[in-house]
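*Asks:*
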Amino acid sequence: MPAVTDASARIEALADRMTAAGDLTDQTWRPVLRAVPRHLFAPARAYALPGKADGPPGRPIDRDADPGDWQSAVYDDMAIVTQREDGTADPASDLGAPTCALSAPCVVLPFLHLLGARPGDRLLEIGTGTGWTAALLSVRIGQDHVTSLEIDPDLARTARANLAAAGYSPAVIEADGLHGRPGETFDRLHVTCGITTIPYAWIEQLRPGGVAVLPWQPAGWTGHKVRLTASGGTAVGTFHGPANFMTARSQRTGTTLWQPHHAGDADTTTTSIDPHDIAEHWGEQHVALTRIPGLVVTTWPDDDGSLSLHLAEAGHPGRSWAACDSQPDGKHIVTQYGNRRLWDELENAYRTWLSAGQPGQDHFRLLISPEGQRVVHDLPDKALPSVPRRRH
Ligand SMILES: C[S@@+](CC[C@H](N)C(=O)[O-])C[C@H]1O[C@@H](n2cnc3c(N)ncnc32)[C@H](O)[C@@H]1O
446 MPAVTDASAR IEALADRMTA AGDLTDQTWR PVLRAVPRHL FAPARAYALP
496 GKADGPPGRP IDRDADPGDW QSAVYDDMAI VTQREDGTAD PASDLGAPTC
546 ALSAPCVVLP FLHLLGARPG DRLLEIGTGT GWTAALLSVR IGQDHVTSLE
596 IDPDLARTAR ANLAAAGYSP AVIEADGLHG RPGETFDRLH VTCGITTIPY
646 AWIEQLRPGG VAVLPWQPAG WTGHKVRLTA SGGTAVGTFH GPANFMTARS
696 QRTGTTLWQP HHAGDADTTT TSIDPHDIAE HWGEQHVALT RIPGLVVTTW
746 PDDDGSLSLH LAEAGHPGRS WAACDSQPDG KHIVTQYGNR RLWDELENAY
796 RTWLSAGQPG QDHFRLLISP EGQRVVHDLP DKALPSVPRR RH
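Next up, the structure:
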């Protein structure tokens, strides 16, 4: 492997950019980043994706063909896709769903801040991936205290090799992380794959006062960054902005693609609600919208400044769908098809959220108990959209 001679300078520059962007708020992580050179966790051929919408363009990277570009991507705020379609597609192409990535630093560091792991904590990580976060946590709390579970044997092997090259050897175990480590107790749980239903086993394995951070994605796609604190058999979660990770392998709901089937039978209307407003406030109102079961919303900005929202039912591309396309004259075009009027549900939720004074995420909590998981709030009931029913 060609040496990255200026890795320290690149790490420092990355840390400076993250600090300026507000993603590196705890500077005690800076020496940890220095101790774990990120290029040791990136494969020779991969696909770099921007960590933020305004980041550099996504592109294939190849260390042998263009070492300069490879190094720039690895030390930029980019996710490096290392596996697609569970290893059956080329990770360096843009075809096939990403199934493993060296997550973007702007995503990883805020999670680690939230986790608040201290030296000596017993830590369980779910989703070893490349091993980078396991290495960062090994430096932070001591590698003998880190156990990382990876469902994919090939990825687990590569992660162990990456970790060894960087000089670390935390326990990397091939296992379905949704079971945790039965019989063991942890102070911290770090989850790096999207979770639709939080396994109760994790709560049982956290000591009272123990903390889990995870991307909670109840509809399978974009969800919430959640910090759970265990209290002996139950846990209470707080919300900390949006999160979008690849869903845990054993909880995938299928590829949810927006498919505008029966387009000729769809209803077309207009709305004064600008899709840009919904997209802009998404993080804040998002928790309220969790009450719309199984709604998946994706945003499609265009170069001319227009924006389309695509709405679908999670895991059921053959059911209801809707779209809202922004228009310069303010009469935004809505198209809907199916038993559920997904745009109407979203617009109703958005209007209710607006008239309630745009309550933020701190009004909501996620409760986990042996009976299941549910979102509770401290708002008057009328401040939230009523849970819609299916039309038959
Ligand atoms: C975003 S990547 C992890 C990034 C990683 N922390 C790093 O630093 O490279 C998500 C990982 O979770 C793994 N994964 C998915 N479902 C899993 C499960 N049920 N148990 C354990 N690992 C799982 C995937 O195979 C993938 O390697």
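The sequence shown lines up with residues 446 to 837 when you count with our numbering.
For each residue, glycine too, the CB sits at the ideal point set by N, CA and C.
The structure displayed is predicted, hence computed values, not measured ones.
1. Among all the DSSP beta bridges, which residues are the ones paired with F631?
2. For R803, which three-state DSSP category applies?
3. Pair every Cβ in the region 610-621 with every Cβ in the region 578-587, then say whether three or more of these pairs are closer than 8 Å.
4. Taking all protein chains shown into account, decide if G817 is buried (16 or more other Cβ within 10 angstroms of its Cβ) or exposed.
5. Note down, one range per segment and in chain order, each beta strand (DSSP E) of at least 3 residues found wholly within the region 577-623.
6. First and last residue of the beta strand (DSSP E) that includes T544?
7. Report yes or no: do the region 712-721 and the region 770-779 share at least 3 C-beta pairs separated by less than 8 Å?
8. Would you kindly work out how many angstroms separate the C-alpha atoms of F809 and H558, rounded to a whole number?
9. Bridge partners for D507 per DSSP, in chain order?
10. Return the residue from the list P644, P720, L811 that minimises the CA-CA distance to H669.
11. Grab me the residues of Q772's own chain with a C-beta within less than 7 Å of its C-beta, minus the 5 sequence neighbours each way, in chain order.
12. Could you please give me the residues that DSSP links to E758 through a beta bridge?
13. Give the straight-line distance between the Cα atoms of G541 and A680, rounded to the nearest whole angstrom.
14. Could you say which of G532, E792, V449, G709 lies nearest to P425 if we only look at CA atoms?
15. If you drop the 5 nearest sequence neighbours on each side, which residues of the same chain put their C-beta closer than 8 Å to that of R652?
16. Assuming the contact rule is C-beta atoms closer than 8 Å, L756 and W798 should be a hit. Round their C-beta distance to whole Å, please.
17. Along the chain, where does the alpha helix (DSSP H) containing L540 start, and where does it finish?
18. What is the rounded straight-line gap between the Cα of L478 and the Cα of V820?
19. In or out: R786 buried (at least 16 other Cβ within 10 Å) or exposed?
20. How far does the beta strand (DSSP E) with E530 in it extend, from its first residue to its last?
21. Note down the Cα distance separating R745 from G503, rounded to an integer number of angstroms.
22. What ranges does the beta strand (DSSP E) occupy inside the region 680-721, keeping only unbroken runs of at least 3 residues that lie completely in it?
23. Measure the beta-carbon distance from L494 to A465 and round it to whole angstroms, keeping in mind my assumption that it falls under 8 Å.
24. Alpha carbon to alpha carbon, how far is I718 from H837? Give it in angstroms, no decimals.
25. Between P543 and M691, is the Cβ-Cβ spacing less than 7 Å?
26. For a test of your reading of the model: does the CB of S538 fall under 6 Å from any non-hydrogen atom of ligand 1? Yes or no.
27. Buried or exposed for Q516, please, with buried defined as at least 16 other CB atoms from any protein chain shown within 10 angstroms of its CB.
28. For the beta strand (DSSP E) containing W766, list its first residue and its last residue.
29. In chain order, what residues of the same chain have a beta carbon less than 6 Å from the beta carbon of D770, not counting five sequence neighbours either side?
30. By Cβ distance below 7 Å, which residues in the same chain neighbour D599 in space, the five residues on each side in sequence not counted?
*Replies:* Based on what the coordinates show:
1. Residue numbering aside, residue 631 sits at position 186 when the sequence shown is read from its first letter. Its beta-bridge partners are L651.
2. Indexing the sequence shown from 1 puts residue 803 at position 358. Note that residue 803 is Gln in the sequence shown, not Arg. Coil at Q803, not helix or strand.
3. yes
4. As a first step, residue 817 is located in the sequence shown; it is residue number 372 there, counting from the start. Its Cβ having fewer than 16 others within 10 Å, G817 is exposed.
5. 591-595, 616-619
6. Locating residue 544 in the sequence shown gives position 99, where the first residue counts as 1. 543-547 is the extent of the beta strand (DSSP E) around T544.
7. yes
8. Numbered from 1 along the sequence shown, position 364 holds the residue referred to as residue 809. Numbered from 1 along the sequence shown, position 113 holds the residue referred to as residue 558. The alpha-carbon atoms of F809 and H558 are separated by roughly 21 Å.
9. Counting from 1 along the sequence shown, the entry for residue 507 is found at position 62. According to DSSP, D507 bridges with R490.
10. The sequence position of residue 669 within the sequence shown is 224, counting from 1. Nearest option by C-alpha distance: L811.
11. The residue you call residue 772 lines up with position 327 of the sequence shown. The residues are I778.
12. Translated into positions along the sequence shown, residue 758 becomes position 313. E758 is bridged to L740.
13. In the sequence shown, residue 541 corresponds to position 96, counting from 1. In the sequence shown, residue 680 corresponds to position 235, counting from 1. Answer to the nearest angstrom: the Cα atoms are 36 Å apart.
14. Limits of the chain in this structure are 446 at one end and 837 at the other, which puts residue 425 out of reach.
15. Here residue 652 is taken as the residue at index 207 of the sequence shown, counted from 1. Only T630, F631, D632, A675 meet the Cβ criterion.
16. One-based indexing of the sequence shown puts residue 756 at position 311. One-based indexing of the sequence shown puts residue 798 at position 353. Going by Cβ atoms, the distance from L756 to W798 rounds to 16 Å, so no, they are not a contact pair.
17. Start at 1 with the first residue of the sequence shown, and residue 540 comes out as number 95. Element bounds for L540: n/a, residue is neither H nor E.
18. By one-based count along the sequence shown, residue 478 stands at place 33. By one-based count along the sequence shown, residue 820 stands at place 375. Those two C-alpha atoms are separated by around 35 Å.
19. Indexing the sequence shown from 1 puts residue 786 at position 341. Buried: at least 16 other Cβ atoms inside 10 Å.
20. Residue 530 sits at position 85 when you count from the first residue of the sequence shown. Looking at the DSSP string, E530 is not in any beta strand (DSSP E), and its letter there is neither H nor E.
21. Here residue 745 corresponds to residue number 300 of the sequence shown, with the count starting at 1. Here residue 503 corresponds to residue number 58 of the sequence shown, with the count starting at 1. According to the sequence shown, residue 745 is Trp rather than Arg. Cα to Cα, the separation comes out at about 16 Å.
22. 680-688, 712-716
23. As a working note, residue 494 is residue 49 in the sequence shown. As a working note, residue 465 is residue 20 in the sequence shown. With 8 Å as the limit, L494 and A465 do not qualify as a contact, their Cβ atoms being about 21 Å apart.
24. Counting from 1 along the sequence shown, the entry for residue 837 is found at position 392. Counting from 1 along the sequence shown, the entry for residue 718 is found at position 273. With a pLDDT of only 36 at H837, under 50, the local geometry of the prediction cannot be trusted, and the value read off the model is given with reservation. Taking the straight line joining both Cα atoms gives about 27 Å.
25. The residue labelled residue 543 in the question sits at position 98 within the sequence shown. The residue labelled residue 691 in the question sits at position 246 within the sequence shown. In contact: P543 and M691 (Cβ atoms closer than 7 Å).
26. As a first step, residue 538 is located in the sequence shown; it is residue number 93 there, counting from the start. Outside the cutoff, so no.
27. As a first step, residue 516 must be located in the sequence shown, where it is residue number 71. Classification of Q516: buried, given that the 10 Å Cβ count is 16 or more.
28. Position 321 of the sequence shown, counted from the first residue, corresponds to residue 766. Where W766 is concerned, the enclosing beta strand (DSSP E) stretches over 766-770.
29. For the purposes of this step, residue 770 is taken as the residue at position 325 of the sequence shown. Counting only Cβ-Cβ distances below 6 Å, and skipping sequence neighbours, we find S753, I778.
30. Reading the sequence shown from its first residue, position 154 is the one you call residue 599. Contacts found: G532.
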